[in-house]
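To start, the structure under review is shown below, and the notes come after it.
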Amino acid sequence: MSDLSFVWPLSGGLLIGLSAALYLLLNGRIAGISGLAASAIGWTGGGINPLGLGFLAGILGGAAVAFAYMEQAAFTITASPVLLVLGGLLVGFGTRLGSGCTSGHGVCGLARLSPRSLAATATFMIVAAVTVYITRHVMGAA
Amino acid sequence: MTQRILVSIACGLLFGIGLVVSDMVNPARVLAFLDVTGAWDPSLAFVMGGALIPSSIAYAISRQRSKPVFEAQFHVPKNRMIDRPLVAGAVLFGLGWGLVGLCPGPAIASLVTGRWEAVLFVAAMLAGMFAYRIVSSRQSAAAQAH
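So the sequences go chain by chain: E and W.
Under this note's numbering, think of the first position of the first sequence as 1203, with each following residue one higher.
Under this note's numbering, think of the first position of the second sequence as 2, with each following residue one higher.
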């Protein structure tokens, strides 16, 4: 980690936080991506949610612009097809069962000091770290 | 409604740019951040720290206001009970996140790379969400029958 390597993560984090802040103050809602994604396709009851669709379209547009203009933008993924399917199923089911993910519980929930979000964030961070420990250092398959 | 959709698109744009700028979109970076006993890369802690600054300010402001700008009232969850589904869901999510290094926002953003790994992961994630929808609707139907 070079001396200024915190600048990009901090800047990106501020943008994500600004997004959550504006979504709350303007639209009055939690910017939680798992919930928005499920609502965009009508899987939260009440039909297709245009706000969810708009948010997802925005993410795709913003990511496309950033990937196009940022030289250091990277996407390195090493998981096998089996792990991709298993991981995707767990992330999809788990975030719906647990009412949120890194954005809804992590960014928005911690900001409003929600005890549920604090418990959920601590749980998924610890489980994810233990999972990486087991796959990298116990089983040895990175 | 048009205003609220435009707000959603604008917030999504900021979010998507933020995911790429912070490198949160990159599974290798996420796994290095989660690898606390190995060659730990702490940089993603700055993403969470940075994100909490504006969002904490916004929640403090929202408590002083009766309603948001484009909506009749705030729709913020009031449930404070730490229950079994919350914890079980967080465990399953953490397991999937640790296996691949993608959570829902970065997974969706990563689709723009056109990589098959991103497409496969998002397809499986949607299947998982659909499975939850089936299970939860059966449970609520069973609860109503009793």
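C-beta: ideal position from N, C-alpha, C; glycine also.
For clarity, every value in this text was computed on a predicted model and none was experimentally measured.
Worksheet item: If R1298 (chain E) and M130 (chain W) are in contact, beta carbons under 8 angstroms, what's the gap, nearest whole angstrom?
Response: So it is a contact: roughly 5 angstroms between Cβ atoms.
Worksheet item: If the cut is a Cβ gap below 9 angstroms, which residues of chain E does Q74 (chain W) touch?
Response: Result: G1230.
Practice prompt. Could you tell me the distance, in whole angstroms, from the CA atom of L1224 (chain E) to the CA atom of A132 (chain W)?
Written response: Cα to Cα, L1224 (chain E) sits roughly 32 angstroms from A132 (chain W).
Worksheet item: When DSSP labels each residue in this structure, what does R85 (chain W) get in the three-state scheme?
Response: Residue state, collapsed to three classes: helix.
Worksheet item: By the criterion of Cβ-Cβ separation under 7 angstroms, what are the contact partners of S1241 (chain E) in chain W?
Response: One finds nothing in chain W with a Cβ atom closer than 7 angstroms to the Cβ of S1241 (chain E); even the nearest lies about 10 angstroms away.
Worksheet item: Cβ of S141 (chain W) less than 8 angstroms from any chain E Cβ?
Response: So no, S141 (chain W) is outside the interface.
Worksheet item: Taking 8 angstroms as the CB-CB limit, is G1249 (chain E) close to chain W?
Response: No, its Cβ sits nowhere closer than 8 angstroms to a Cβ of chain W.
Worksheet item: Checking contacts by CB at 8 angstroms: is A146 (chain W) closer than that to chain E?
Response: With respect to chain E, the C-beta atom of A146 (chain W) has no partner C-beta closer than 8 angstroms.
Item to complete: Take the Cβ of P1317 (chain E) as the centre, count every other Cβ of all protein chains shown within 10 Å, and call the residue buried at 16 or more, exposed below.
Response: Exposed, since its Cβ has fewer than 16 Cβ neighbours within 10 Å.
Item to complete: Rank W:W117, W:R134, W:V70 and W:V113 by C-alpha distance to the C-alpha of M2 (chain W) and give the top, closest one.
Response: For the residues W:W117, W:R134, W:V70 and W:V113, the minimum Cα distance to M2 (chain W) belongs to W:V70.
Discussion item. Is S67 (chain W) close to chain E? Criterion is C-beta to C-beta, closer than 8 angstroms.
Written reply: S67 (chain W) does not count as touching chain E.
Worksheet item: Which parts of the segment 19-57 of chain W are runs of the beta strand (DSSP E), unbroken and 3 residues or longer, counting only runs that do not cross its ends?
Response: Under the rule that a run must span 3 or more residues, no beta strand (DSSP E) segment is found entirely inside the segment 19-57 of chain W.
Fill in: Three-state class that DSSP yields for R134 (chain W) in the structure shown
In the structure shown, R134 (chain W) sits in a helix (DSSP, three-state: H, G or I).
Worksheet item: Roughly how many angstroms separate the alpha carbons of R64 (chain W) and A1259 (chain E), rounded to a whole number?
Response: Rounded to whole angstroms, R64 (chain W) to A1259 (chain E) spans 29 angstroms at the Cα level.
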